[in-house]
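A.B. asks: Residue 1 is where the sequence shown starts when you use UniProt numbering, and the numbers rise one by one after that. Cβ coordinates follow ideal geometry from the N, Cα and C atoms, glycine included.
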Amino acid sequence: MGQWHGMAWNTKVVEDLTFTIPKTKNLKSAFLVSLVGQSAPPEVLQKLTYLVMRHSHPQVKRIDTVRAYTFGVLYFVEVDIELPEELPLKEAHAIGETLQEKLEKLPEVERAFVHLDYECDHKPEHSVLSRLPNNQT
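Here you go:
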């Protein structure tokens, strides 16, 4: 036991606190990024884009967007694809669902969302109110 301002302290506790307190700041920062979300690194986006291109059904006219952002230790993935306007809903749904299932089989993907549209030249449906840290879009 040591003395500090007249109080008895166990040296081991002081050593542990000296080591832990600086590490807590880094841990909080990593936790916050994990909680808030961060864009996936380029190599993850390339892997996802490659998978989407390989899946490419003959009816897929264009791959508009591939996004991924952290959700805990895994990724949420968003893909926008363009299909023919006259394609029946049942067929369009099947194309999107099979792509979603392929993406969700990847070990780093928590959840995938495949958005289907008949054209991609319009303004975005949703306004971006704020950007995530390290957003690459």
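Please classify Leu-116: does DSSP put it in a helix, a strand, or coil?
C.D. replies: As a first step, residue 116 must be located in the sequence shown, where it is residue number 116. Here Leu-116 sits in strand by DSSP.
A.B. asks: Have a look at the DSSP bridge pairing and note the partners of Arg-67.
C.D. replies: Your numbering for residue 67 matches position 67 in the sequence shown. Note: Arg-67 sits in a beta bridge opposite Glu-78.
A.B. asks: Tell me the DSSP secondary structure of Glu-44 in three-state form.
C.D. replies: Locating residue 44 in the sequence shown gives position 44, counting from the first residue. At residue 44 the sequence reads Val, which differs from the Glu that was named. Three-state DSSP puts Val-44 in a helix.
A.B. asks: Return the residue from the list Ser-39, Glu-85, Arg-111, Val-52 that minimises the CA-CA distance to Tyr-69.
C.D. replies: Along the sequence shown, read from residue 1 onward, the residue named residue 69 stands at position 69. Measuring from the Cα of Tyr-69, the nearest candidate turns out to be Ser-39.
A.B. asks: From this set, Thr-49, Leu-89, Glu-85, which residue's C-alpha is nearest Glu-78's C-alpha?
C.D. replies: The sequence position of residue 78 within the sequence shown is 78, counting from 1. That would be Thr-49, whose Cα lies nearest to the Cα of Glu-78.
A.B. asks: Starting from His-93, trace the alpha helix (DSSP H) in both directions and tell me its first and last residue.
C.D. replies: To locate residue 93, count along the sequence shown from 1; it is residue 93. Note, His-93: alpha helix (DSSP H), 89-104.
A.B. asks: For the putative contact between Leu-116 and Ala-94, defined by C-beta atoms under 8 angstroms, what is the C-beta separation to the nearest angstrom?
C.D. replies: Taking the first residue of the sequence shown as 1, we reach residue 116 at position 116. Taking the first residue of the sequence shown as 1, we reach residue 94 at position 94. With 8 angstroms as the limit, Leu-116 and Ala-94 do not qualify as a contact, their Cβ atoms being about 11 angstroms apart.
A.B. asks: Measure the CB-CB distance between Leu-99 and Val-109 and report whether it falls below 7 angstroms.
C.D. replies: Along the sequence shown, one-based indexing puts residue 99 at 99. Along the sequence shown, one-based indexing puts residue 109 at 109. No, the pair does not count as a contact, with Cβ atoms beyond the cut-off.
A.B. asks: Around the Cβ of Arg-67, are there at least 16 other Cβ atoms within 10 angstroms (buried) or fewer (exposed)?
C.D. replies: Sequence index remark: in the sequence shown, residue 67 carries index 67 (1-based). Flag for Arg-67 reads buried.
A.B. asks: Looking only at C-alpha atoms, which of Pro-42, Gly-37, Lys-47, Pro-41 sits nearest to Leu-106?
C.D. replies: In the sequence shown, counting from the first residue as 1, residue 106 sits at position 106. Comparing Cα-Cα distances from Leu-106 to each of Pro-42, Gly-37, Lys-47, Pro-41, the minimum goes to Lys-47.
A.B. asks: Would DSSP call Val-109 helix, strand or coil?
C.D. replies: Within the sequence shown, numbered from 1, the residue matching residue 109 stands at position 109. In this structure, Val-109 counts as strand in the three-state DSSP scheme.
A.B. asks: Going by alpha carbons, who is nearest to Pro-41 out of Glu-101, Tyr-75, Thr-65, Pro-88?
C.D. replies: Numbered from its first residue, the sequence shown carries residue 41 at position 41. Residue Tyr-75 is the option with its Cα nearest to Pro-41.
A.B. asks: Label Leu-89 either buried or exposed according to how many other C-beta atoms from any shown protein chain fall within 10 Å of its C-beta, with 16 as the threshold for buried.
C.D. replies: Within the sequence shown, the letter at position 89 stands for residue 89. So Leu-89 ends up on the exposed side.
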